[in-house]
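Enquirer: Take any residue in the sequence shown, note its place counting from 1, add 8, and you have its number in the numbering used here. Even glycine gets a Cβ: it sits at the ideal position worked out from N, Cα and C. The structure displayed is predicted, hence computed values, not measured ones.
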Amino acid sequence: MEDYKKPESNREFPRKMYQGNWKCSECGAEITELPFEPSGDRPIYCRECHRKRRGQRFNRY
């Protein structure tokens, strides 16, 4: 039987990261790297706050 290795990501190429100096809109933590270029009109969350908010999104009811 062949060893099956699950891919680490479904992306073929690494995602572009944007460098900068931002603060989390929820906890104020410093953020120096984001997987998107912030537009300035939406809040930015650190990884921990993003995960908390993402979990709440699915548990609304």
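(1) Relative to the C-alpha of K31, which candidate in C57, R62 and R23 has its C-alpha closest?
(2) When the Cα of R55 is compared with those of G48, L42, Q27 and P22, which residue comes out closest?
(3) Using only alpha-carbon positions, find the residue among I39, S33 and E34 that is nearest to Q27.
(4) Could you name the residues of the same chain whose beta carbon sits closer than 6 angstroms to that of C35, not counting the 5 residues immediately before and after it, in chain order?
(5) So, at 8 angstroms on beta carbons, what are the nonlocal neighbours of F44 in its own chain, with the 5 sequence-adjacent residues on each side left out?
Expert: Inspection of the coordinates gives the following:
(1) C57
(2) L42
(3) I39
(4) C57
(5) Y26
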